[in-house]
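To start, the structure itself, in structure tokens.
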């Protein structure tokens, strides 16, 4: 998740902090020290992370902009917790945020999904002695409760500032390392961005599900069979080389860039299963099904950024035994060698997927679909063709008319009913002298019923109501059945 760092550089951040045995520091110096630690950690472990830096007091300035746009952000606010006085201060803004116009609205809640972390250059006792803590907690609440407040434990010094930023790093910026396995082949990888815990249902199963650090490949399947499945999230899978201490080779913070480049070159020459898997999936046009946890799967595949560059990606399916209905239950999938006959045919010219459902689904019924204008035009033309063949096509005419009527009511397309009614009235005026007398009665009756339905308020607009043929003297009755 990209990060926006917002740093308070107001006058209160210049207040001195006495650190025994050293030169005098200001609170903004402590903040800069903590941010330097955060940025160095991200440069080492989150090389793909995009970060923007904003400084503000009574005005604001974007110091380091993003290189692209994002819909989801992680905001880190660095401040000393002083609320300020007068118009425009945080105290005044929080007190009046409900009274502001849309053009001058309070920035929280953010108009995008986000988490707000507030780093206070003050200890808890200092914040509790004023209204600062309550106001900062109100900021978190305004952001839908997504975020946390961090304070300095003990006296204000560089060591305690490092400890506070270390807690933020542990919470939000710890890289997700895993081991990718396929039989006897393994590879240490980093999954980026870090997968977030997933809650299936807060009432039935409120315990968040997290993916395993052992990602085991259980099988392979053609891209055409997997199609474009619904996924929870997508992640890059990056190969990493770990030394005996568990740190990444060539990613430590060093003063000598040549040492880091040399270590990276050595790591690049070591055979890696992750690289082999990526190339194989790309060439064969397949995806790998990976076990993320109990009854939880995902897929590994090659995705191209450009004609020359591609990456190994992992998409997470929803937890459950059957995340993709057209494949059936994951536990029942197996190798082709276990089948009596090759399910793909001798020439690999067919596929066993999608599986046919045992029960006929409601969406498999004959329903009216007007995705394109041509579909609607065809249905209207059917009605007009049958209208010109009345009374021989009376039953078919009313069947098509009721089908269109129900679809129009379901879609809220009431103007269509009035338009078809006008067409039927026009057809009535165009009937030749040789036409059967019953045709004019039926057309006028159908047009009248459609106009009543087009109002959307009468009983004739009920979805379950069907227009029935008019009983005329020619059919043995002169009463109009509604």
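Residue numbers (UniProt numbering): 1 to 482.
Beta carbons are placed, not taken as given, at the ideal position from N, Cα and C, and that holds for glycine.
In summary, residue 315 is buried, with 16 or more beta-carbon neighbours lying within 10 Å of its beta-carbon over all protein chains present.
Boundaries of the beta strand (DSSP E) around residue 314: 310-316. Rounded to whole angstroms, the gap between the alpha carbons of residue 439 and residue 424 is 11 Å. Taking all protein chains shown into account, residue 125 has fewer than 16 neighbouring C-beta atoms within 10 Å of its C-beta and is therefore exposed. Within the DSSP secondary-structure output, residue 291 pairs in a beta bridge with 216, 297. Per DSSP, reduced to three states, the secondary structure at residue 198 is strand.
In the structure shown, the three-state DSSP call for residue 356 is coil.
Put simply, the backbone Cα of residue 473 is about 23 Å away from that of residue 401. Per DSSP, the beta bridge partners of residue 209 are 198. Residue 370 and residue 383 have their C-alpha atoms roughly 16 Å apart. Comparing alpha-carbon positions, the option among 220, 77, 6, 284 lying closest to residue 297 turns out to be 220. Residue environment: residue 79 is assigned as buried (16 or more neighbouring CB atoms within 10 Å of its CB, all protein chains considered). With distances taken between CA atoms, residue 3 lies nearest to 51 out of 51, 37, 14. Taking a contact as a CB-CB distance under 8 Å, the pair residue 148 and residue 117 counts as one, their CB atoms being some 6 Å apart. As computed with DSSP, residue 177 is found in a beta bridge with 190.
One Cα belongs to residue 162, the other to residue 142, and the distance between them is close to 28 Å. DSSP lists 185 as the beta-bridge partner residues of residue 182.
Within 10 angstroms of the beta-carbon of residue 235 lie 16 or more other beta-carbons, which makes it buried. By the Cβ neighbour-count rule, residue 291 is buried, with 16 or more other Cβ atoms within 10 Å of its own. Check the Cα spacing between residue 436 and each of 388, 12, 192: the tightest is with 388.
Distance from the CA of residue 90 to the CA of residue 321, rounded to the nearest whole angstrom, comes to 50 Å. Rounded to whole angstroms, the gap between the alpha carbons of residue 168 and residue 341 is 56 Å. Our two residues, residue 85 and residue 53, have alpha carbons roughly 25 Å apart in a direct line. If you draw a straight line from the Cα of residue 467 to the Cα of residue 447, it comes to about 10 Å.
Within the same chain, Cβ atoms closer than 7 Å to the Cβ of residue 222 are found at 285, 286, the five residues on either side in sequence being excluded.
For residue 465, no beta strand (DSSP E) segment is defined, and its DSSP state is neither H nor E. Counted as a single uninterrupted DSSP element, the beta strand (DSSP E) harbouring residue 235 occupies residues 233-239. Pairing residue 121 with residue 158 gives a Cβ-Cβ distance that is not under 9 Å. Per DSSP, the beta bridge partners of residue 25 are 17. Here the alpha carbon of residue 174 sits roughly 8 Å from the alpha carbon of residue 45. Secondary structure remark: continuous beta strand (DSSP E) runs of at least 3 residues inside the UniProt domain "Integrator complex subunit 14 C-terminal" (368-475): none found. Residue 150 and residue 74 have their alpha carbons spaced roughly 15 Å apart. Among the bridge pairs identified by DSSP, residue 151 is matched with none.
In the displayed model, residue 52 falls within a strand according to three-state DSSP. A straight line joining the alpha-carbon of residue 304 with that of residue 278 spans about 11 Å. Rounded to the nearest whole angstrom, the CA to CA distance from residue 26 to residue 10 is 12 Å.
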